[in-house]
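Numbered according to numbering that gives the first Met the number 0, the sequence shown spans residues 0 to 710.
Idealized CB from N, CA, C, for every residue including glycine.
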Amino acid sequence: MKIGKQRKLSSVWKPGEAQTVTFIVTEDCNLRCKYCYITHKAANKRMNLETAKQFIDYILSDDFKRSPAIILEFVGGEPLIEVELIDQICDYFKVRAYECRDKTDWYWQYRISICTNGVNYSSDVVQQFIKKNARKMSLAITLDGTKEKHDLQRVFPDGSGSYDTIIKSIPLYLSQFPGNTKVTFASDDLPLLKDSIASLWQLGITSVSANVVYEDVWKDGDDAIFEEQLIQLADYIVDNDLYENYFCSLFDDFIGFPYSAFELNTVYCGAGKMLALNPDGNMYPCIRYKDFSLNHHSAWSIGTVETGINSERLRPFMALQTKFQSDAKCISCEIASGCGVCQGFSYDESADGTNFHRATYMCKMQKARVRANNYYFAKLHNKYGYTRLASDKRKRLYFMLADDYVSYCATANNQTTQDVMSGDTITRGLQYAYQNYMATVFVHSASRYEFTSRPEYEGHIIQHIIPARFHKESSGLENVIYVHNVSEAKINTGKQNCILNIPMEEIPMMSDCVLSLLNTYSRVNVNVQNVDKHFPLEAYSTQLKIIAEKLAEEYKKSGTFREVNTITDLCFSSEANNCKVGDRKLAVMPTGKIYPCHAFASEAQAWGDIETGVTPPQNERHYKQSNSALCGACDALQCMDCVYSNRQITGEISVSSSYQCRKSFAEREATRHFLELSGVQAPTSVPFKDYPDPLQLLSQEYSVNYYKADC
Numbered sequence: 000m001k002i003g004k005q006r007k008l009s010s011v012w013k014p015g016e017a018q019t020v021t022f023i024v025t026e027d028c029n030l031r032c033k034y035c036y037i038t039h040k041a042a043n044k045r046m047n048l049e050t051a052k053q054f055i056d057y058i059l060s061d062d063f064k065r066s067p068a069i070i071l072e073f074v075g076g077e078p079l080i081e082v083e084l085i086d087q088i089c090d091y092f093k094v095r096a097y098e099c100r101d102k103t104d105w106y107w108q109y110r111i112s113i114c115t116n117g118v119n120y121s122s123d124v125v126q127q128f129i130k131k132n133a134r135k136m137s138l139a140i141t142l143d144g145t146k147e148k149h150d151l152q153r154v155f156p157d158g159s160g161s162y163d164t165i166i167k168s169i170p171l172y173l174s175q176f177p178g179n180t181k182v183t184f185a186s187d188d189l190p191l192l193k194d195s196i197a198s199l200w201q202l203g204i205t206s207v208s209a210n211v212v213y214e215d216v217w218k219d220g221d222d223a224i225f226e227e228q229l230i231q232l233a234d235y236i237v238d239n240d241l242y243e244n245y246f247c248s249l250f251d252d253f254i255g256f257p258y259s260a261f262e263l264n265t266v267y268c269g270a271g272k273m274l275a276l277n278p279d280g281n282m283y284p285c286i287r288y289k290d291f292s293l294n295h296h297s298a299w300s301i302g303t304v305e306t307g308i309n310s311e312r313l314r315p316f317m318a319l320q321t322k323f324q325s326d327a328k329c330i331s332c333e334i335a336s337g338c339g340v341c342q343g344f345s346y347d348e349s350a351d352g353t354n355f356h357r358a359t360y361m362c363k364m365q366k367a368r369v370r371a372n373n374y375y376f377a378k379l380h381n382k383y384g385y386t387r388l389a390s391d392k393r394k395r396l397y398f399m400l401a402d403d404y405v406s407y408c409a410t411a412n413n414q415t416t417q418d419v420m421s422g423d424t425i426t427r428g429l430q431y432a433y434q435n436y437m438a439t440v441f442v443h444s445a446s447r448y449e450f451t452s453r454p455e456y457e458g459h460i461i462q463h464i465i466p467a468r469f470h471k472e473s474s475g476l477e478n479v480i481y482v483h484n485v486s487e488a489k490i491n492t493g494k495q496n497c498i499l500n501i502p503m504e505e506i507p508m509m510s511d512c513v514l515s516l517l518n519t520y521s522r523v524n525v526n527v528q529n530v531d532k533h534f535p536l537e538a539y540s541t542q543l544k545i546i547a548e549k550l551a552e553e554y555k556k557s558g559t560f561r562e563v564n565t566i567t568d569l570c571f572s573s574e575a576n577n578c579k580v581g582d583r584k585l586a587v588m589p590t591g592k593i594y595p596c597h598a599f600a601s602e603a604q605a606w607g608d609i610e611t612g613v614t615p616p617q618n619e620r621h622y623k624q625s626n627s628a629l630c631g632a633c634d635a636l637q638c639m640d641c642v643y644s645n646r647q648i649t650g651e652i653s654v655s656s657s658y659q660c661r662k663s664f665a666e667r668e669a670t671r672h673f674l675e676l677s678g679v680q681a682p683t684s685v686p687f688k689d690y691p692d693p694l695q696l697l698s699q700e701y702s703v704n705y706y707k708a709d710c
């Protein structure tokens, strides 16, 4: 199985180390591209060499905080109109960087970056500059794909297309640089997307950075066209085995998930981390804050070459975070990660000229892109076994394929009826999951195996939960977790991890079963079922201790780290965890109705169905871990708190029973025992506060003592 990020063929030079400084050498251009964000071009605005020299002197002075490496980016307009000026600027930088080599490594650690429309690429003066700097340059020619697509947007001032002019230079370009280009799509050229990307690859341009415009240009139905074109491109890539050698940025491992804490506390855009110099000597946080691309607000200068950077004008960019820039809808969006934000454009579109605003014109295009990405990575997974990074962040829809589905969580299934989910219901359920960006899990019958894969499943990554005794019948499936019970603990399925169901009365046999399974599995997920007031805490603690000691012994003896969720998960947990039903998981029953989980299906009203969708109840927020007072006070982060059990025992979804809390406390103590014996250095903190029940902490902190709490 291949695990990891799809290989990107044109990597960023020194990511995290190199700062980009941009020289706007001209505001003129020899093309008039229809989608260009520079709406106020000017033929008479050209950078003076002395201005550029002042800027270089400033960034090499002690007043400027330098990065370990630097990228000298040259833009316009069309930068190669001024290639002689660029050459002079680069020469001056090299001399000054050499003179300052005692305080910076920039003389050795620099790159020249240019993106050109390619009109004069083959000219003698441009070729001389390339020959002189080739080993220190990255250069991309913007070719939009097919002739039809390119000439629809990238035209000369007289309206004629530029494709025939540009294509003549491509063989020369590919002999000098790795093939990469930038492609922009707008409403009128979306139907040409797949053929355009494919045509670029066929030319030898193997890496394509593509995007859709941020502006308010999208019409009804554009998202459907975008999605269909991406699906066609996905089929083309997978069917022709192209995914390892060709790259298009529209497919990305990391888009389409809820925001992480890191993403909320940072920003998508790099404005403020870049520095752009205007021909008149003004400096900007990026070129989109210069007046030539603004239509509603004034340019946002952060200094001049004479005065240096005005740190006060830079402060808003240092303070900006996604959670302050976005509204509640964006922050809570299921597919927020990877949704592009141009700060300069958002600033211009804001009502009051603020950077704490986010333009959302491309929202529906993000949704279409995410759905197509899920389809693409499902095809990669099903053909090559490629596992997408961060895929576990997606919300999941569990398909209970039969009423007598195999138990796999803390609530055992006692249904004996054998109604099965129809093929039509499965297909419609998969379509519902696709439209709502959900991963899919098929939970099979406990009594029989009758599953047959269908062609329409190809565009979905489907995980299967199957009784271990059916491992031979299901051997053709790849993405399987087998479920064992005590009597089946010695079955060898050949997989890496499994689930072990342990009813309370069988806890004295738990360690024998777990250790037997660890002879063949590297991970065992112990699932103690139907915990109630009769839970044998002492016996459970004893069994955990035996397992912990065996895990530690094997680790010290051979260095092999085997996992048992109830003991080892706490070593790697950074936040509280529960079963996530109603929040990150939903279940669809054979009838097609959707519930927060299968356990609620027998007694609660459905939240919806695969036809009409889900309408969560008013108390939906109680299913979220963040709304549990007890879990928020507790450091037993490995706890898989069952919200159905909570509701049955305490009456509240968000309040755990004392039996569940004591069980988790015993697991936490087993983790401590394992760490002490093994010497394993856990990458996350395991604080081990001294308490047996989190209610005790809350009672002490807030003096809740009207009753004698069972804690």
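Candidates Leu30, Asn435, Val580, Val523: closest to Asn372 by CA position: Asn435
In whole angstroms, what is the alpha-carbon distance linking Ile480 and Lys181? Each residue's alpha carbon lies about 42 Å from the other.
Rounded distance between the beta-carbons of Glu26 and Lys44, thought under 8 Å: 4 Å
Only counting the same chain, and skipping five residues up and downstream in sequence, which positions put a Cβ closer than 7 Å to that of Pro595? Val580, Gly581, Leu585, Trp606, Tyr622
Assign Glu666 to one of two classes, buried (16 or more other C-beta atoms within 10 Å of its C-beta) or exposed (fewer than that). buried
Quick one: is Gly203 near chain B, going by C-beta distance under 8 Å? Going by chain labels, chain B is absent from the structure shown, which holds only one protein chain.
On the three-state DSSP scale, how would you describe Phe344? helix
I'd like the list of long-range same chain contacts for Ser510, defined as Cβ closer than 7 Å, with 5 residues on each side in sequence excluded. Gln542, Ile545, Ile546
Cβ neighbour criterion (16 or more within 10 Å) applied to Asp634: buried
Thinking C-alpha only, which one of Ser627, Gln430, Val124, Asp252 is nearest Gly612? Gln430
Anyone know if the C-beta pair for Tyr385 and Val482 falls short of 8 Å? no
CB Ile85 to CB Pro78, shorter than 8 Å? yes
Three-way DSSP call (helix, strand, coil) for Cys512 in this model: helix
Counterpart residues of Val525 in DSSP-defined beta bridges: Leu499
In its own chain, which residues sit with a C-beta less than 6 Å from the C-beta of Ser248, not counting the 5 before and 5 after it? Ser208, Ala209
Between the CA atoms of Leu388 and Asp251 - distance to the nearest angstrom: 10 Å
Check whether the region 389-400 touches the region 342-362, taking contact to mean three or more Cβ pairs, one atom from each stretch, closer than 8 Å. no
Residues in its own chain within less than 7 Å of Pro315 by CB, not counting five upstream and five downstream? Asn354
Pick out the complete beta strand (DSSP E) segments inside the region 122-148, 3 residues or longer, and give them in chain order. 136-140
Kindly list the residues whose CB is nearer than 7 Å to the CB of Lys52, restricted to its own chain and excluding five residues on each side of it in sequence; keep chain order. Tyr91
Apply the 10 Å Cβ neighbour rule to Ser421 and answer buried if 16 or more other Cβ atoms are within range, or exposed otherwise. exposed
For Asn645 and Phe225, what's the separation of their Cα atoms in angstroms? 44 Å
How about Ser521 and Glu553: do their beta carbons lie closer than 8 Å? no
Would a C-beta distance cut-off of 8 Å place Ala575 and Leu636 closer than the cut-off? yes
Label Met317 either buried or exposed according to how many other C-beta atoms from any shown protein chain fall within 10 Å of its C-beta, with 16 as the threshold for buried. exposed
In this structure, does DSSP put Glu386 in helix, strand or coil? Note on residue identity: the sequence assigns Thr, not Glu, to residue 386. Note: Thr386 maps to strand in three-state DSSP.
Rounded to the nearest angstrom, what separates Gly631 and Asn412 at their Cα positions? 29 Å
Opposing strand residues paired with His483 [DSSP bridges]: Leu499
Can you tell me where the beta strand (DSSP E) holding Gln462 begins and where it ends? 461-466
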